[in-house]
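Have a look at the structure below, then the notes.
Number of protein chains: 4
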Amino acid sequence: MEPIRLGMVGGGQGAFIGGVHRIAARLDGQYALVAGALSSDPARAAASAAELGLARSYDDYRQMAAREARRKDGIQAVAIVTPNHMHAGPAIEFLKRGIHVICDKPLTATMAEAKRLAKVAEASKALFILTHNYTGYPLIRQARAMIAAGDLGALRLVQVEYAQDWLTEAVASKQADWRTDPLRSGLGGALGDIGTHAWNLAAFVTGMEPEALAADLSSFVPGRALDDNAHVMLRYPGGAKGMLWASQVAPGNENGLRLRVYGAKGGLEWEQENPNRLWFTPFGEPKRLLTRNGAGALPEAQRVSRVPPGHPEGYLEGFANIYTEAARAIRAHEAGEALPEGVLFPGLSDGISGMRFVAACVQSAKRNAAWVAP
Amino acid sequence: MEPIRLGMVGGGQGAFIGGVHRIAARLDGQYALVAGALSSDPARAAASAAELGLARSYDDYRQMAAREARRKDGIQAVAIVTPNHMHAGPAIEFLKRGIHVICDKPLTATMAEAKRLAKVAEASKALFILTHNYTGYPLIRQARAMIAAGDLGALRLVQVEYAQDWLTEAVASKQADWRTDPLRSGLGGALGDIGTHAWNLAAFVTGMEPEALAADLSSFVPGRALDDNAHVMLRYPGGAKGMLWASQVAPGNENGLRLRVYGAKGGLEWEQENPNRLWFTPFGEPKRLLTRNGAGALPEAQRVSRVPPGHPEGYLEGFANIYTEAARAIRAHEAGEALPEGVLFPGLSDGISGMRFVAACVQSAKRNAAWVAP
Amino acid sequence: MEPIRLGMVGGGQGAFIGGVHRIAARLDGQYALVAGALSSDPARAAASAAELGLARSYDDYRQMAAREARRKDGIQAVAIVTPNHMHAGPAIEFLKRGIHVICDKPLTATMAEAKRLAKVAEASKALFILTHNYTGYPLIRQARAMIAAGDLGALRLVQVEYAQDWLTEAVASKQADWRTDPLRSGLGGALGDIGTHAWNLAAFVTGMEPEALAADLSSFVPGRALDDNAHVMLRYPGGAKGMLWASQVAPGNENGLRLRVYGAKGGLEWEQENPNRLWFTPFGEPKRLLTRNGAGALPEAQRVSRVPPGHPEGYLEGFANIYTEAARAIRAHEAGEALPEGVLFPGLSDGISGMRFVAACVQSAKRNAAWVAP
Amino acid sequence: MEPIRLGMVGGGQGAFIGGVHRIAARLDGQYALVAGALSSDPARAAASAAELGLARSYDDYRQMAAREARRKDGIQAVAIVTPNHMHAGPAIEFLKRGIHVICDKPLTATMAEAKRLAKVAEASKALFILTHNYTGYPLIRQARAMIAAGDLGALRLVQVEYAQDWLTEAVASKQADWRTDPLRSGLGGALGDIGTHAWNLAAFVTGMEPEALAADLSSFVPGRALDDNAHVMLRYPGGAKGMLWASQVAPGNENGLRLRVYGAKGGLEWEQENPNRLWFTPFGEPKRLLTRNGAGALPEAQRVSRVPPGHPEGYLEGFANIYTEAARAIRAHEAGEALPEGVLFPGLSDGISGMRFVAACVQSAKRNAAWVAP
Ligand SMILES: NC(=O)c1ccc[n+]([C@@H]2O[C@H](COP(=O)([O-])OP(=O)(O)OC[C@H]3O[C@@H](n4cnc5c(N)ncnc54)[C@H](O)[C@@H]3O)[C@@H](O)[C@H]2O)c1
Ligand SMILES: NC(=O)c1ccc[n+]([C@@H]2O[C@H](COP(=O)([O-])OP(=O)(O)OC[C@H]3O[C@@H](n4cnc5c(N)ncnc54)[C@H](O)[C@@H]3O)[C@@H](O)[C@H]2O)c1
Ligand SMILES: NC(=O)c1ccc[n+]([C@@H]2O[C@H](COP(=O)([O-])OP(=O)(O)OC[C@H]3O[C@@H](n4cnc5c(N)ncnc54)[C@H](O)[C@@H]3O)[C@@H](O)[C@H]2O)c1
Ligand SMILES: NC(=O)c1ccc[n+]([C@@H]2O[C@H](COP(=O)([O-])OP(=O)(O)OC[C@H]3O[C@@H](n4cnc5c(N)ncnc54)[C@H](O)[C@@H]3O)[C@@H](O)[C@H]2O)c1
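Residue numbers (the UniProt record's numbering), protein chains in the order written: chain A, 1 to 374; chain B, 1 to 374; chain C, 1 to 374; chain D, 1 to 374.
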């Protein structure tokens with residue numbers, strides 16, 4: 001099968017997530033990276049492209065969108081891996097030209113941008129994929145399938161958290177700078193950066209979204225303009241409740257994304273730092289340790305697993321699963337076929353939901369943690 | 001050293017925590033149980049006393065208080081291990097007569113009772129000890145000492161939870177019945193039963209109490225009159241924040257009491273189910289696993305440890321530490337001496353604090369999780 | 001029920017395990033310690049006895065045995081908690097006089113002593129209990145019952161180890177001195193001190209003993225006369241195989257006693273440092289986490305459990321189980337009744353087996369790890 | 001940089017490790033797979049090649065070696081992923097023609113083949129890389145560097161094991177069939193398949209190899225011709241000792257490769273199933289949890305890490321590290337440069353060592369576990 005021709009916006013020298021996208025795109029051999037506008041600085045863009053052996057390098061994503069759209073061998077899809085405020089612009093340019101967009105989260109920096117992007121995306125015949133990559137973990141797929149099958153009974157509790165510690169002190173770095181700058185990050189600090197992951201993961205696994213939330217936000221590090229810690233209570237339609245904690249100032253936590261879901265008949269517990277294990281407790285029975293691809297693995301988990309149980313798959317494999325799901329969707333789309341059964345990836349509505357989450361938290365926090373509908 | 005003569009109210013046949021108190025009292029050889037009013041049912045009280053070989057059995061705690069106070073060899077202290085609504089009555093009777101009271105938590109069922117009890121306790125020359133037993137764990141003492149010494153820097157975050165699953169479905173048992181009955185349990189269900197432990201533990205370790213809380217309470221099991229799940233956000237004076245989760249409907253959790261505290265310089269993490277380990281992360285350094293009595297153990301932890309590291313101590317040892325601390329206090333008190341340095345146990349003010357916590361949560365919940373001062 | 005009158009030999013000021021025995025005897029209220037010859041030094045013996053409030057203190061165990069045997073209220077049982085070379089002497093004195101002996105392990109320092117003791121014990125009407133205390137853990141009882149019930153199928157593999165680190169460097173202390181002295185410790189260093197525990201635990205759980213072993217012994221610390229590390233391969237009748245590792249020079253191991261047993265149908269895994277968990281894998285199914293007294297707990301484990309699951313019991317509770325089992329046996333014995341069903345404790349034959357283990361390892365090691373029948 | 005042109009022998013439809021090699025080769029973008037003799041069955045070879053989009057498919061590896069060597073754009077390296085008895089043949093063909101060989105372990109099925117291969121490899125100017133992939137894990141590099149730097153002091157103990165359970169019962173599958181067939185697997189069953197990994201890992205990390213071993217081998221499953229369990233004791237020059245356990249019949253173990261190394265000054269402990277954590281205990285201090293790329297990570301580990309700590313890397317990333325190290329070596333080699341500093345991969349001598357290990361174990365087992373020099 002021919003690899004999908006992929007472009008990239010952002011991700012040049014010194015950038016973080018661009019390199020991850022490149023590995024993710026490569027891992028299953030579904031994509032060939034051929035073009036890029038890798039940096040806001042044209043010189044750096046060119047140097048980065050040369051280093052990566054890209055066929056075509058552009059100074060600017062507008063130029064890139066225009067020219068690639070015109071080529072017969074132009075890119076079919078583009079990865080957008082720029083800071084939050086630089087998502088909507090490129091996404092719109094490419095979508096308008098029918099080029100599929102694989103964009104990192106959060107959707108945009110502002111709700112206004114999100115709405116503009118949504119309008120274009122809905123009008124475009126191209127696909128929009130949002131890399132909430134944790135939904136690519138096989139055991140997250142397993143958890144989702146188990147809950148959908150009713151293994152937990154009616155859901156009651158969703159305890160989700162994403163704790164980090166790298167912003168415990170004031171840091172000056174490429175990555176920290178824009179994340180703590182409202183103009184580039186948006187309304188949310190930790191909220192947008194990792195809170196949206198927690199929010200999305202809970203929704204993906206449980207199949208439900210809160211109808212109201214109450215948020216208490218803090219900026220612990222002196223001088224920090226955005227939240228570095230978010231405490232949020234959640235209320236779901238039907239009476240389930242939840243708690244969401246997002247923090248970048250919790251020493252000892254690297255990427256502590258943890259999800260626990262409890263229902264009338266059982267519970268599920270999962271931690272991102274050791275993603276190959278999922279705890280399942282049918283109420284009244286011993287806890288069972290489900291392993292990726294091991295005994296008890298469901299087809300939903302197996303189809304996104306590559307190696308036998310006991311051989312750990314990690315962050316990059318989960319990320320690659322999103323890329324490969326996107327490839328399946330793109331191929332079907334280009335062949336005029338329906339999305340193949342079972343293919344799953346976060347998209348526009350997840351992005352909008354994340355934006356609403358951030359906005360609702362900020363609004364709630366301003367109103368002293370009043371309940372706000374996201 | 002002569003053992004302290006101890007009496008007991010409650011804890012007869014079929015009761016739960018009375019037996020734990022008896023072991024805790026016995027473990028370090030500091031007490032001899034000699035008298036009891038072990039049940040509300042006189043026949044069962046007598047049968048229970050005979051089984052335990054008690055010297056003196058009473059039909060009723062009032063009778064017991066009156067008679068024991070008159071004997072030369074009467075009890076010096078009494079353990080109160082009855083349901084919540086039956087704490088204040090006996091406690092007052094014994095305190096009035098100068099008999100030390102070791103009472104289980106929560107302090108009482110109602111705030112009115114708590115106030116009455118407080119008045120008597122303050123007037124009494126006898127001691128009042130509240131068995132928030134988790135404060136007896138050596139590594140909890142260690143955590144407290146480390147925080148007091150500034151090892152975490154200024155505190156920012158307190159994440160505490162106590163999750164159980166035994167009330168996931170409607171249960172009919174001696175223990176479940178009164179716990180779900182407002183007349184005997186008080187305003188709180190899970191809140192009073194385990195939430196107070198979480199609340200107390202956080203306060204004991206951090207040395208600080210929230211100035212405001214916002215609570216969302218649920219009763220998931222149909223027909224349940226009291227909360228079986230509590231989600232609470234916490235605000236501390238000085239800006240620290242916290243989350244408290246108490247649940248009795250989380251399948252897969254037996255006694256999941258967990259505390260995580262983060263400050264500007266480091267973090268501490270502890271779990272009750274494996275209490276011989278404490279995680280300490282000085283920010284920017286690898287996590288360290290502190291073990292009870294192991295390398296790095298502070299005197300505060302060592303003085304309440306009995307065996308070398310790697311030989312686990314558990315719930316009963318922690319509980320016994322409260323009893324033995326109480327014994328030290330009682331002996332000093334009876335000798336007219338000051339409390340020996342380092343002796344620590346929860347008392348009246350902790351009990352009042354717990355009652356305020358429950359009341360504030362209930363009030364907040366009624367007001368749609370508004371912030372309430374506890 | 002009247003407590004059993006207990007005496008103690010050894011365990012005076014500065015001693016280690018004596019205090020543990022006292023707590024273990026006390027925990028379930030089955031014993032009253034009334035007499036002792038607590039030290040080889042009469043002054044220290046007296047001071048220690050006074051501190052503990054013992055009714056009767058003796059200069060010497062012979063004197064104690066003679067006098068106690070003559071008293072109407074003399075001790076019914078004696079705990080022997082002296083160094084290894086000082087087990088046989090007192091044990092024989094008390095057994096001869098019909099006083100039950102609760103002796104710590106290993107049985108004796110030499111095989112000659114063991115044989116002498118065995119002869120007396122077999123002739124005595126009194127009971128002999130050996131405190132291989134790890135057999136008192138509830139989940140060890142569970143494992144034994146599961147294997148006996150065939151849950152693992154035919155056994156194939158026994159992987160057992162006991163790793164410590166406290167003798168990584170040369171240490172001078174009361175406890176280290178005699179343990180590294182062949183005259184007081186016997187043929188084995190780590191072998192006798194902790195290897196016998198591992199050996200005994202494997203036998204207790206699996207119900208089988210090796211017919212041959214091959215041992216490689218080391219003394220890593222310069223100047224050490226006895227082994228501080230033992231590597232042993234095991235062959236069982238019927239073809240099962242095993243490995244036993246005992247070490248006191250493995251930095252990072254406090255009391256790393258671990259047992260894994262595998263059969264044709266499943267596996268069991270357990271670690272002493274967190275003894276409230278037992279992993280059970282029926283072949284081809286997900287691992288199950290059995291907790292002490294939790295879902296799936298068998299009667300054999302429940303009868304030696306005190307508190308609900310999730311409230312950890314530890315080393316002292318396991319040790320106390322041996323004492324309480326012994327009390328049941330002693331009471332039945334004194335009432336002329338058969339041993340109550342289910343009562344289990346290590347005794348003379350386990351002690352002899354341990355001595356054979358040590359001797360066989362030493363002999364094998366001398367013959368360059370040749371196979372030797374223990 | 002141009003990708004290295006890679007070929008593959010084996011790894012067609014239904015094969016296991018070939019797909020892993022392809023991902024590993026792709027992950028860092030260093031290779032392009034262009035040719036293959038993917039199966040012993042020419043039709044399946046062709047179908048497999050078509051599926052993978054290979055430019056050139058061959059019926060037979062001899063044909064492939066001959067033709068590729070002649071092309072200007074012929075492959076520069078070949079991956080050999082056939083069963084053990086089919087390593088030497090292709091390896092020799094390609095090495096003879098100056099094509100670099102990346103061969104899976106064990107080196108060959110027989111010692112005779114190994115010697116033939118060694119001769120050719122030594123004479124060839126091409127490189128020979130053996131995919132003992134676990135040496136690619138970043139924290140294994142860290143452990144190796146720490147030991148080399150003396151962080152553990154003089155080494156004393158090496159406890160290594162690789163436990164699986166998939167052969168607990170008789171299985172009929174492509175993978176099981178040849179592994180239990182002496183003609184295709186060689187002298188060892190579990191020994192060759194996973195024992196060699198354990199052996200290699202211990203050597204890689206400690207920098208030393210045993211001078212003698214004593215092995216007890218079993219075939220627990222009726223009718224099995226080769227060992228499915230190996231118990232081995234190890235003696236190192238200078239007095240260190242070790243134990244190696246390899247088993248494919250231990251229910252509950254998926255890929256339980258675990259390494260523990262202890263020295264006079266400290267200990268290191270690592271488990272493959274959660275490879276992003278390494279325990280380090282400096283003797284007398286609390287255990288430290290080193291995480292991949294986290295605080296305390298050494299350059300040796302960082303250079304083979306891709307993502308920040310807390311984002312797990314797994315089996316495929318470790319495998320890819322071997323491929324990428326090989327790419328660095330190949331590029332240097334083709335440029336006539338020395339191997340870049342720090343580049344590490346297993347090679348011929350490791351393969352020979354593994355063969356010696358298997359042979360020595362088998363010989364020792366035949367001589368009733370006598371000591372044999374590997
Ligand atoms: N899915 C995840 O887990 C995850 C993890 C990290 C980051 N992210 C998201 O990825 C995005 C990038 O984050 P990062 O940490 O890699 O940031 P970064 O600062 O490391 O990299 C951003 C890159 O974008 C480039 N850039 C900025 N403006 C540009 C423009 N106009 N044209 C071309 N390039 C431009 C910069 O030069 C830089 O190379 C953010 O939206 C972030 O939220 C997601
Ligand atoms: N510290 C802890 O961890 C912990 C754990 C469990 C229970 N508790 C507390 O201990 C108390 C008892 O709980 P429990 O689970 O043992 O309850 P339980 O129902 O098992 O036992 C209560 C006992 O009190 C007796 N009783 C009731 N009224 C009496 C009266 N007037 N006079 C004498 N006896 C009377 C009952 O007969 C019964 O024996 C509660 O306040 C509970 O909150 C604390
Ligand atoms: N079951 C276990 O887990 C465990 C743990 C530790 C020790 N032990 C065993 O317990 C025994 C004691 O070990 P320890 O560590 O407590 O040793 P220790 O040196 O701390 O104490 C030994 C005590 O015996 C006393 N003693 C010696 N000779 C005596 C005599 N003739 N009469 C009276 N007292 C005498 C000493 O004065 C000292 O008080 C050993 O056999 C050891 O193997 C068992
Ligand atoms: N590094 C590791 O962790 C690891 C893991 C698994 C396997 N391995 C090793 O990889 C090798 C293959 O194992 P596997 O499990 O993938 O086996 P497999 O049976 O799944 O695959 C072997 C493949 O080789 C092909 N083959 C056989 N003879 C051939 C020939 N003459 N020409 C071309 N193709 C031929 C077969 O058709 C098949 O596709 C073995 O040596 C094994 O030890 C290593």
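C-beta: ideal position from N, C-alpha, C; glycine also.
Just to confirm before moving on: does the CB-CB distance between residue i and residue j stay below 8 Å?
| i | j | result |
| --- | --- | --- |
| residue 205 of chain B | residue 249 of chain B | no |
| residue 264 of chain C | residue 153 of chain C | yes |
| residue 213 of chain C | residue 232 of chain C | yes |
| residue 323 of chain C | residue 31 of chain C | yes |
| residue 165 of chain C | residue 223 of chain C | no |
| residue 35 of chain B | residue 61 of chain B | no |
| residue 184 of chain B | residue 109 of chain B | yes |
| residue 116 of chain D | residue 79 of chain D | no |
| residue 303 of chain B | residue 289 of chain B | no |
Nearest CA to the CA of residue i: which residue from the options?
| i | options | result |
| --- | --- | --- |
| residue 142 of chain B | B:210, B:189, B:305 | B:305 |
| residue 129 of chain D | D:151, D:149, D:91 | D:91 |
| residue 134 of chain D | D:321, D:333, D:19, D:339 | D:321 |
| residue 5 of chain B | B:72, B:292, B:335 | B:72 |
| residue 187 of chain D | D:358, D:158, D:297, D:3 | D:358 |
Looking only at its chain, what residues have a beta carbon closer than 7 Å to the beta carbon of residue i, apart from the 5 residues adjacent to it on each side?
| i | result |
| --- | --- |
| residue 271 of chain A | 258 |
| residue 44 of chain C | 12, 13 |
Keeping to the same chain, check which residues put their C-beta closer than 8 Å to that of residue i; ignore five residues upstream and five downstream.
| i | result |
| --- | --- |
| residue 203 of chain A | 209, 350, 353 |
Tell me which residues share the same chain as residue i and place their Cβ nearer than 6 Å to its Cβ, disregarding the 5 neighbours each side in the sequence.
| i | result |
| --- | --- |
| residue 193 of chain A | 179 |
Fill in: Positions along the region 244-262 of chain C whose CB lies within less than 8 Å of some CB in chain D
245, 247, 249, 250, 251, 252, 253, 260, 262
Worksheet item: Using Cβ-Cβ distances below 8 Å, what residues of the region 306-332 of chain A are close to chain D?
Response: 306, 307, 308, 309, 310, 311, 312, 313, 314, 315, 316, 317
Item to complete: Name, going along the chain, the residues of the region 17-33 of chain C whose beta-carbon falls closer than 8 Å to a beta-carbon of chain B.
Response: Those residues of the region 17-33 of chain C that come within reach of chain B (Cβ to Cβ, closer than 8 Å) are 19, 20, 22, 23, 26, 27, 28, 29.
Worksheet item: Along the region 45-76 of chain A, what residues have a CB closer than 7 Å to any CB found in chain D?
Response: 53
Worksheet item: Looking at chain A, which residues of the region 269-287 of chain D have a Cβ within less than 9 Å of any of its Cβ atoms?
Response: Correct list: 272, 273, 274, 275, 276, 277.
Practice prompt. Could you run through the region 79-108 of chain B and flag, in chain order, every residue whose CB is less than 9 Å away from some CB of chain A?
Written response: none
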